[in-house]
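Top line first, the protein sequences correspond to chains U and W.
The first sequence begins at 1 in the working numbering and counts up one residue at a time.
The second sequence begins at 174 in the working numbering and counts up one residue at a time.
Where is the CB? At the ideal position from N, CA and C, for every residue including glycine.
None of the values given here were measured: they were computed from a predicted structure.
See structure below.
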Amino acid sequence: MDNIVERLTRAVAQRTSRRSFIARLGKLVAGGMMIPLLPVDRVAAQSSSTSPVARSTPAPNRDNDQTCDYWKYCAIDGYLCSCCGGGSHDCPPGATPSPTSWVGTCRHPADGKDYIVSYRDCCGKVPCGRCLCANTVGEMPLYRTQLDSDLIWCFGAPTMVYHCSTAEIVGVK
Amino acid sequence: MVKRKALFALAIWVMAASGARAQLPPDQMTSYKLGAPQPHWAFILDSVFLAPTVSKVDIVDLDAGKLLGQIDGGYLSNFEFSPDRREMYMIDTFYSRAWHGTRSDAVSIFDAGTLAYKGEISIPPKRLLIVPKNNTTGITPDGRFLMVANLTPATSVSVVDLKSRKFVGEIETPGCVQVLIAGKRKFASMCADGSLLTVQLDDSGKPLSRKQSKPFFDPGKDPVFDQPAIVGNTIYFDSYHGQIYEMDLSGDVAQTKSEWALTSDEDRKANWRPGGWLSIAASEKGDLLYVLMHQGGEWTHKQPGKEVWVFDTSAKKRIGRFPLKTDGYSIRVSRGPNPILESLPLMQSQIETYTAPEGKYLGVYKDIGTAFLVSGP
């Protein structure tokens, strides 16, 4: 778990260049928000107390990243960047990866491991409009912000205009 | 001479016979007025998914199946109607160059009779940007204050005085989000630990009291949906697994009034549970609840509803159920006489109507864009 936290922290640190955003995060912490800032803890906490968070996605499309059934997309919500000129964890040309994201947990169909997946939006262009998916494994309402997929997750990006969604493996749970 | 007279007579006869082929009078161009809103009018918020920097609201007479007018907004805007029905508001986000540039947020004001734009009130560029949900914005029942939920991702609420046309302040709501209007000058926010924060405003829109309840549900075990049905001081939350939490907001701090199940053992065995985008609606008096229900397993909370189940809130019992022609994603029940249930399916650009509470199918209105919320007078 420490390993995941370290990797996630580093990943966030690498992406977070805007001072205003850091200031806002600081405010979030100072404001005494009850949710821990890093999402990993919450996913872990949730899996211990509730029904299974992870599930393996059904064949036959679990390896096709241009379908909603692709295994990493178990909780993706939005247009797939892999159908929009990008990849499963890469933005289409000219779109900006958001430094912030919400998280889910998906089981890899082959190795059976539960991976923590960071669902990062690509921002700065209007929606691409291809391959709309609304998967909801582990998805929570707004009051559990970090697990909510309905928000525009472009905090810290140059604009909040949403283009498409990606799924980035952060680590194994 | 005789010949000329005959020709003249013939000409007159031809003109008369051709039935006033005389030229039409010039048209006089005007703009229609909307007139007083009727109970079966729907205000359908179209988020225009492929170009969401310009949202719009279609105003539709559902009885006549007729579009009456439209007002426009910005990026993923919310819509509000003043309680006296004299003004409409779009709570907007704009970028100076449409999809980039400087962000500015504003409350745009429209005359409800003419749909003409009247002006705007600037608010901090922090509003919660989301596929539109209820309770992202709200107006106090007296029409004085409009509140806007912010998420940057720090959470707060902007308070706008609609009388003085001014933004009057921001109320921090750490760990809690949304604005559930639950009383004269009162709102509640839903908190991460399963509690409710109740904030009472004074006459200047500043917080008079703010009290957080004890957690009334366990978000780790059975989360409630974040778009409950609100009737006056009472909020009905439905949960992923089909519980109803009836919360009383009449005091300074939210209290649980009742907790009961939407489903019987038999229903649960058959995997019936609530789901959709906006899965619950209350009748005007609050005597009935309507819930979108589907059969599905864990984490199917956003699966559209196959049926609407109707519950009596005092007996806490189901009194009816009816199938929907198209699975529903969001529902609403109209106010006033002869209520109808309005159902928006998922991404199908249409709204269906049914009698309420009987559930007799009335019809469908199409071409409403990407709509997730419908409201009405």
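- prompt: Would a C-beta distance cut-off of 7 Å place Ala75/U and Gly104/U closer than the cut-off?
  reply: Between Ala75/U and Gly104/U, the CB-CB gap stays under 7 Å.
field: Glu119/W: first and last residue of the uninterrupted beta strand (DSSP E) it sits in
entry: The structure shown does not extend to residue 119/W, since chain W spans only 174 to 550, so no value can be given for it.
query: For Glu531/W, is the classification buried or exposed, using 16 other Cβ atoms within 10 angstroms of its Cβ as the cut-off for buried?
result: Exposed, by the Cβ-count rule.
- prompt: Does the Cβ-Cβ distance between His108/U and Tyr119/U come in under 7 Å?
  reply: Judged by beta-carbon spacing, Tyr119/U lies beyond the 7 Å limit of His108/U, meaning their Cβ atoms are not closer than that value.
Limits of the unbroken beta strand (DSSP E) element including Glu525/W: Note, Glu525/W: beta strand (DSSP E), 523-528.
query: Are the C-beta of Val350/W and some C-beta of chain U separated by less than 7 Å?
result: True, the Cβ-Cβ gap to chain U drops below 7 Å.
- request: Measure the beta-carbon distance from Val332/W to Phe545/W and round it to whole angstroms, keeping in mind my assumption that it falls under 8 Å.
  value: Not a contact, Cβ separation roughly 25 Å.
query: Going along the region 84-113 of chain U in order, which residues come within less than 8 Å of chain W, judged by CB to CB distance?
result: Those residues of the region 84-113 of chain U that come within reach of chain W (Cβ to Cβ, closer than 8 Å) are Thr100.
- prompt: Taking only runs of the beta strand (DSSP E) that begin and end inside the region 108-135 of chain U, which ones reach a length of at least 3 residues, in chain order?
  reply: Within the region 108-135 of chain U, the complete beta strand (DSSP E) segments of 3 residues or longer fall at 114-119, 121-123, 132-134, listed in chain order.
- prompt: How is Asp440/W classed by DSSP in three states: helix, strand or coil?
  reply: Helix at Asp440/W.
query: Based on the DSSP secondary-structure assignment, which residues constitute the bridge partners of Leu468/W?
result: First, the amino acid is wrong: residue 468/W is Gln here, not Leu. DSSP, once it has assigned bridges, lists Trp445/W as partnering Gln468/W.
task: Give a yes or no on whether 7 Å exceeds the smallest Cβ distance from Thr166/U to chain W.
output: Output row for Thr166/U: interface = no.
- prompt: Of all the CB atoms in chain U, is at least one closer than 7 Å to the CB of Asp315/W?
  reply: Not an interface residue.
query: How about Tyr119/U: is its C-beta nearer than 7 Å to some C-beta of chain W?
result: For Tyr119/U, the answer is no, since every Cβ of chain W falls outside 7 Å of its Cβ.
message: So, for Glu480/W: in the same chain, excluding its five sequence neighbours on each side, which residues have a beta-carbon less than 7 Å away from its beta-carbon?
response: Cβ neighbours of Glu480/W beyond the five flanking positions: Met466, Arg494, Phe495, Pro496, Leu497.
- prompt: Who are the Cβ neighbours of Asn406/W in its own chain at under 7 Å, not counting the five residues just before and after it?
  reply: Same-chain partners within the cutoff: Ala355, Gly356, Asp421, Leu422, Ser423.
message: Between Thr67/U and chain W, is any beta-carbon pair separated by less than 7 Å?
response: False, the Cβ-Cβ gap to chain W never drops below 7 Å.
query: Just how far apart, CA to CA, sit Thr166/U and Leu80/U?
result: Rounded to whole angstroms, the separation of the alpha carbons of Leu80/U and Thr166/U is 6 Å.
- request: Quick one: residues in its chain with C-beta nearer than 6 Å to the C-beta of Phe410/W, no 5 flanking neighbours on either side, listed in chain order?
  value: Residues Val397, Pro401, Tyr418 of the same chain have their beta carbon placed closer than 6 Å to that of Phe410/W, with the five preceding and five following residues left out of the count.
task: Going by DSSP, name the residue or residues bridged to Trp131/W.
output: No answer is possible for residue 131/W: it lies beyond the span of chain W, which begins at 174 and ends at 550.
- prompt: Going along chain U, which residues have a C-beta under 7 Å from Asp399/W?
  reply: Neighbours of Asp399/W in chain U, taken as residues whose beta carbon is under 7 Å from its own, are Pro141, Leu142, Tyr143 in chain order.
C-alpha distance - Pro550/W paired with Ala215/W, whole-angstrom precision: Spanning the two alpha carbons is a distance of roughly 8 Å.
query: Thr310/W by DSSP, collapsed to three states: which one?
result: Three-state DSSP puts Thr310/W in a strand.
query: Quick one: is Ser204/W buried, meaning 16 or more other Cβ sit within 10 Å of its Cβ, or exposed?
result: So Ser204/W counts as exposed.
For Arg317/W and Leu335/W, believed in contact at Cβ under 8 Å, the rounded distance: The Cβ separation is near 6 Å, so the contact holds.
message: To be precise: take each residue of the region 206-223 of chain W, compare its Cβ to all Cβ atoms of chain U, and keep it if any distance is under 9 Å. Which residues remain?
response: Going along the region 206-223 of chain W in chain order, one finds Phe222, Leu223 with a Cβ nearer than 9 Å to chain U.
task: Consult DSSP for Gln385/W and reduce its assignment to one of helix, strand or coil.
output: Three-state result, Gln385/W: strand.
query: On the three-pair Cβ rule with 8 Å, is the region 519-526 of chain W touching the region 453-470 of chain W?
result: Contact fails between the region 519-526 of chain W and the region 453-470 of chain W, because fewer than three Cβ pairs, one in each stretch, are under 8 Å apart.
message: Could you give the first and the last residue of the continuous beta strand (DSSP E) run that contains Ile232/W?
response: Counting along the chain, the beta strand (DSSP E) containing Ile232/W begins and ends at 229-234.
Cutoff 7 Å: Val126/U Cβ touching any chain W Cβ: Yes, because at least one Cβ of chain W sits closer than 7 Å to the Cβ of Val126/U.
- prompt: Mapping DSSP to helix, strand and coil, what is Trp102/U?
  reply: In the structure shown, Trp102/U falls within a strand segment according to DSSP collapsed to helix, strand and coil.
task: Examine chain W for any beta-carbon lying closer than 7 Å to the beta-carbon of Asp63/U, and answer yes or no.
output: Answer no: the Cβ-Cβ gap between Asp63/U and chain W never drops below 7 Å.
query: Okay, do the region 382-390 of chain W and the region 123-137 of chain U touch, 3+ Cβ pairs below 8 Å being the bar?
result: Counting C-beta pairs closer than 8 Å gives fewer than three between the region 382-390 of chain W and the region 123-137 of chain U, which falls short of the contact rule.
message: Would you call the region 339-355 of chain W in contact with the region 307-314 of chain W, where contact means no fewer than 3 C-beta pairs closer than 8 Å?
response: Touching, per the Cβ criterion.
- request: Would you mind stating whether Leu451/W and Ile152/U have Cβ atoms separated by less than 7 Å?
  value: With respect to the 7 Å criterion, Leu451/W and Ile152/U are not classified as neighbours on the basis of their beta carbons.
For Leu207/W and Cys164/U, the rounded distance between their alpha carbons: In a straight line, the C-alpha of Cys164/U is about 38 Å away from that of Leu207/W.
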